[in-house]
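A short worksheet on the structure shown next.
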Amino acid sequence: MTEAAIEDKRITLEEVTKKVPDGAHIAWGGFGYQRPPEAFAMELIRQKKRGIRVYTCGSEHDLDILVGAEVCLEFEVAFFAIEALGLAPNLRRRSQEGKVKFEDYSNLAMALRFLGGALNVPFMPIRHMIGTDMMEKTRLRKDKAKVIDCPFTGMSITLLPSIQADFGVICAQKADQAGNVQIFGIKGEDNEITRCAKKSIVFVEEIISNEEIRQHPDMTMIPGLYVDYVVELPFGSWPMQVFGIYDYDLAHLQYYVQECKTEEGWQKYLDEWILGVENHEGLLKKIGEKRLKELRADPKYGY
Amino acid sequence: MTEAAIEDKRITLEEVTKKVPDGAHIAWGGFGYQRPPEAFAMELIRQKKRGIRVYTCGSEHDLDILVGAEVCLEFEVAFFAIEALGLAPNLRRRSQEGKVKFEDYSNLAMALRFLGGALNVPFMPIRHMIGTDMMEKTRLRKDKAKVIDCPFTGMSITLLPSIQADFGVICAQKADQAGNVQIFGIKGEDNEITRCAKKSIVFVEEIISNEEIRQHPDMTMIPGLYVDYVVELPFGSWPMQVFGIYDYDLAHLQYYVQECKTEEGWQKYLDEWILGVENHEGLLKKIGEKRLKELRADPKYGY
Amino acid sequence: MEMTEYSSTEMMAVCGAHAVKDGERVFAGTGLPVLGAMLAKVTHAPNAIIIYEGGYVDTQNKDLALSVADSRLGYRAAASIGLIETLGFLMMGGRVDVGFLGAAQIDEYGNINTSYIGEFEKPKVRLPGSGGGNDIASSAGRIILMFTHDARKFVKKLDYLTSPGHLSGPGSREKLGLIGKGPALVVTDKCQMDFNPDTKRIRLKSVHPGVTPEWVKENVMFDLIIPNDIPTTAEPTAQELETLRTLDPQGIYLGKGQK
Amino acid sequence: MEMTEYSSTEMMAVCGAHAVKDGERVFAGTGLPVLGAMLAKVTHAPNAIIIYEGGYVDTQNKDLALSVADSRLGYRAAASIGLIETLGFLMMGGRVDVGFLGAAQIDEYGNINTSYIGEFEKPKVRLPGSGGGNDIASSAGRIILMFTHDARKFVKKLDYLTSPGHLSGPGSREKLGLIGKGPALVVTDKCQMDFNPDTKRIRLKSVHPGVTPEWVKENVMFDLIIPNDIPTTAEPTAQELETLRTLDPQGIYLGKGQK
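Encoded structure:
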């Protein structure tokens with residue numbers, strides 16, 4: 010039998026970020042504190058990208074730094090804050106400056122819009138959002154949602170436009186070089202994001218062998234067929250968490266929320282934590298081995 | 010802390026089958042040779058149920074015996090044959106007798122109809138079926154499918170009516186007594202079936218502890234929230250297969266296809282293999298330990 | 008029963024817990040609702056099943072979570088899936104009995120704003136937005152609202168309607184095909200309110216110890232219905248407080264020493 | 008190259024294999040298409056990715072499968088998911104290059120019947136139905152049809168149109184928003200046919216050794232386009248045959264000793 014070469018989709022953070030042009034539309038993975046593409050957000054800032062539009066259910070520190078650095082000022086989104094710690098400080102300030110444009114949806118609405126894109130159908134029906142200002146008040150889209158009479162039941166039903174973004178970006182625990190991805194813990198909307206995007210980028214804590222993937226096909230959440238680039242990047246979601254690998258850095262988040270309440274504080278944070286390090290390795294060095302070790306998850310608990 | 014009692018949804022094959030009334034609509038799990046509810050089909054026959062309607066992508070020997078015994082003569086279905094062995098013999102004969110009514114859909118159409126039911130929306134869009142006789146030629150439903158102008162793109166798009174059947178019935182490898190289900194190997198449309206049904210019945214090869222479920226939450230495909238009854242029933246899919254547990258009984262399937270080409274042959278099969286045994290335990294005794302052992306899967310390969 | 012000192016935040020958490028019945032399927036957001044749901048589960052409602060929108064189903068976490076996606080919720084969950092599962096199949100599927108929500112503003116029908124303060128065109132503050140709030144408010148069997156009392160939160164007209172309460176009154180949810188029955192209870196640090204079953208308008212239900220109905224009436228910006236004989240909310244028991252503090256030993260949601 | 012005796016079924020499987028290009032994403036049904044796809048993968052197309060509708064993605068099975076859901080396909084698959092994945096996200100998502108299908112009847116535009124023989128109201132034979140056939144025919148990049156040659160299968164008008172070929176000719180698939188480009192090749196045990204790119208009507212492409220264009224013309228029930236200079240289909244090589252027989256050692260699809 011002829012042996013198939015295992016396609017190698019590995020690439021560095023710097024290189025993959027170069028492939029994202031100004032103005033790109035990105036379906037953004039991670040949910041709340043879990044597996045957000047933090048290192049990617051920081052590299053978008055270092056490379057001075059502009060005009061990005063993000064589609065997501067909800068993200069937190071990762072998107073707030075993009076807003077602070079004015080990399081991304083357009084969002085189709087359901088939630089934006091630093092859960093339990095308060096409003097996202099840069100977002101709050103840039104909003105007051107009138108710089109940020111939101112198209113507001115609910116979490117399920119965003120997840121269904123990704124699902125519709127993954128199925129390659131133009132819309133998905135939903136029984137939510139109807140009756141609220143989210144239906145009418147709009148800033149970015151011509152067609153935010155449509156209410157039709159259901160041809161089967163006669164009832165009103167809301168249709169949401171599907172999303173097929175230029176890029177889908179997620180963080181996960183493991184993948185092989187061909188992009189077969191294992192996700193442990195909640196999946197959020199990441200499965201749908203990788204399936205609806207024109208190109209998908211996956212950041213993983215660890216590259217494993219194709220052989221290991223094939224030993225456990227039930228654990229493959231995202232087949233390599235959907236994945237264009239794989240980046241091995243330990244602590245790629247810091248200061249947030251990755252189930253089973255490391256916990257969030259609560260002290261850093263609290264510091265961030267406090268510091269960035271003013272523009273000066275944000276500029277200082279930006280200079281020190283993002284622009285002041287050459288790359289992700291530089292960031293990890295700055296955080297320090299001691300702190301990273303403290304954040305390492307206890308395998309028994311997953312955090 | 011107060012300890013929660015772990016709800017016990019276990020029940021016997023006989024008792025759970027009694028809960029299914031004549032005329033019930035059943036979303037039927039399993040796909041092709043994989044994990045069909047064979048023992049349940051046989052018990053429906055023993056209990057002389059009538060007027061059942063089945064919704065499924067495709068099943069094979071299990072549905073053919075239901076047609077032979079005239080338990081179920083109405084189907085909303087995509088596929089009906091014994092793959093690789095030929096047409097389903099009872100179906101072929103009962104169809105010629107004019108007794109069976111089909112509403113024909115494609116496999117994806119049926120899976121999406123279950124997904125729509127699970128989401129509790131009245132329809133799901135699809136880009137398939139359009140342009141064919143499946144759109145117009147109808148036997149069971151007033152509204153088989155509707156074509157609308159997409160309010161976002163202006164293109165024609167087909168809407169399929171969602172399914173929320175009285176019962177969803179699947180076979181799986183493992184569950185705990187509360188109905189948290191682990192499925193290994195392909196899932197077919199079983200995840201959607203259990204989520205769209207008013208009541209779900211799960212047949213498993215093995216009951217495991219709630220503790221084991223909670224050690225591996227990533228492996229729970231169907232949370233107990235969706236499951237009403239759990240039946241522990243080894244070889245519940247015989248003569249078909251369950252990934253990782255046992256292989257199909259090809260000799261029996263070949264015998265079945267050959268034998269049931271005539272009504273006499275079918276009646277003989279029915280008397281010998283279904284009515285002639287008191288229950289599932291009786292069937293296993295008839296098959297014999299030797300044969301069952303031969304069918305056991307090699308854990309390395311899963312078959 | 009021995010009385011113990013307690014904070015107003017603890018009072019809210021205990022009121023939230025009391026609103027959960029045993030065996031119910033509970034959808035909890037971060038913050039006080041988590042504590043309320045967890046307290047219910049370890050006291051009078053051991054068979055409550057708690058679901059978090061990130062994908063955790065039937066949780067038994069040992070440590071308190073900061074995020075609805077927190078890994079802490081994954082430890083010993085019965086399943087760990089995704090948003091389509093929790094907000095789609097479970098919530099929109101009509102399988103959730105009770106959902107907890109917060110609010111920046113509510114109106115007399117329990118409609119909720121969590122999106123903008125000020126005009127939509129030029130908002131003063133951008134709030135977190137719907138998140139799963141609209142989904143929960145639309146489809147959970149009933150809704151329990153929890154937030155600290157501030158007159159500016161009880162408005163005649165919302166700056167933005169994010170999540171449906173009883174909309175414009177009886178029948179309006181049904182007309183839109185919403186599955187859930189809407190808000191049933193509002194818990195603040197001063198009182199509890201419920202809704203008149205006929206008019207769907209909010210009314211005072213009980214005042215916490217030391218608060219008068221008059222104070223409440225003055226601290227809402229619409230004309231609150233105040234029935235006769237408003238009872239005083241039962242105080243938390245010593246055991247409830249002890250348990251509650253065990254659930255949040257670091258005072259993340261309960262605060263430290265705060266009254 | 009040394010010539011080896013081969014059966015007409017083996018000829019079909021080899022023609023099917025030749026139609027797959029390296030690196031393509033291939034959707035295979037049970038029967039001969041499985042063999043064709045597997046043969047391609049172990050010969051000239053090692054990087055082909057094979058998908059089966061039950062949920063198996065990127066398979067490397069060692070034993071031949073009887074069913075598209077067969078556990079044999081699960082061994083060393085890259086993923087093992089479900090129908091919404093394979094026929095939805097992958098197929099309708101436009102991510103599959105080539106799909107194999109069988110047929111009981113086809114017409115001049117490659118439209119397919121796998122549902123009923125006879126009138127729909129009172130059919131003579133109920134066939135298996137669409138299964139995933141309609142899904143594959145609608146959205147796979149191109150379609151390869153494989154079935155044994157019988158004049159009654161090539162009809163002027165189908166008894167039932169299950170799966171779309173080129174429908175009524177140029178532009179008709181596009182008008183309905185179908186993603187795939189439709190049938191590209193028909194392989195029988197007597198010949199290969201393709202479709203005129205301008206008219207989308209079927210035409211003879213090559214005849215297998217020993218078959219004449221005249222025989223084919225007489226053995227279809229419509230007016231087949233027969234271009235000049237019809238070549239003879241290349242015979243399977245000895246190596247292809249050897250490999251093929253290794254894939255089906257028990258002759259499940261190839262038959263035993265059959266010519």
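Chains as they are written, first to last, in this note's numbering: chain G, 10 to 312; chain F, 10 to 312; chain S, 8 to 266; chain Y, 8 to 266.
Glycine included, C-beta positions come from ideal geometry on N, C-alpha and C.
Does the beta carbon of residue i come closer than 7 Å to any beta carbon on chain S?
i      : result
A127/F : yes
F252/G : yes
P226/F : yes
M10/F  : The predicted position of M10/F is uncertain, since its pLDDT is 48 and thus under 50; no value can be drawn from it.
G297/G : no
Find the residues of chain F that neighbour residue i, judging by a C-beta separation of less than 7 Å, and give them in chain order.
i      : result
N141/Y : S115, H137, M138, T141, M143
With a threshold of 7 Å between beta-carbons, can residue i be considered close to chain G, or not?
i      : result
V29/F  : no
S213/S : no
V105/Y : no
V33/S  : no
T162/F : yes
D40/Y  : Note that residue 40/Y is Pro in the sequence shown here, rather than Asp. Closer than 7 Å: no.
M98/Y  : no
Looking at the C-beta of residue i, does it have a partner C-beta in chain Y at a distance below 7 Å?
i      : result
Q182/F : no
A33/F  : no
I172/G : no
F89/F  : yes
Would residue i count as contacting chain F if we go by Cβ distances under 7 Å?
i      : result
A20/S  : no
R83/S  : yes
P308/G : no
F40/G  : no
Y116/Y : no
F154/Y : no
Could you check what DSSP says for residue i in three-state terms: helix, strand or coil?
i      : result
G101/S : coil
I217/G : coil
R133/S : strand
P134/G : strand
A184/F : strand
A93/G  : coil
T240/Y : coil
R145/G : The displayed chain sequence assigns Glu, not Arg, to residue 145/G. Looking at E145/G - three-state DSSP - the assignment turns out to be coil, as it is neither helix nor strand.
V64/S  : strand
Q56/F  : coil
K188/Y : coil
G264/S : Note on G264/S: pLDDT 49, under 50, position unreliable in the model; no value is reported.
Can you name the residues that DSSP bridges to residue i?
i      : result
S104/G : S104/G is not bridged to any residue.
F107/Y : I151/Y
L169/F : M133/F
I232/Y : R210/Y
N120/Y : Q112/Y
Give me the chain S residues within the contact set of residue i, using Cβ-Cβ distance strictly less than 9 Å, ordered along the chain.
i      : result
K124/G : Checking the sequence, you will find Leu at residue 124/G rather than Lys. By Cβ distance, chain S contributes I91, G95.
R165/G : Note that residue 165/G is Ser in the sequence shown, not Arg. Neighbours of S165/G on chain S, chain order: K182, L183, G184.
Along chain F, which residues have their Cβ under 8 Å away from the Cβ of residue i?
i      : result
R102/S : L234, Y235
For a contact defined as C-beta to C-beta under 7 Å, what are the partners of residue i on chain Y?
i      : result
A13/G  : P53, N54
I222/G : A85
So which residues of chain G does residue i contact, with C-beta pairs closer than 7 Å?
i      : result
V211/F : Result: empty, since nearest Cβ-Cβ is about 18 Å, beyond 7 Å.
Output, in chain order, the set of chain S residues within a Cβ distance shorter than 8 Å of residue i.
i      : result
D256/G : S78
R19/F  : Simply none; closest approach about 17 Å.
Q. Which residue spans inside the segment 11-52 of chain F form an unbroken beta strand (DSSP E) run of at least 3?
A. Unbroken beta strand (DSSP E) stretches of 3 residues or longer found wholly inside the segment 11-52 of chain F: 34-37, given in chain order.
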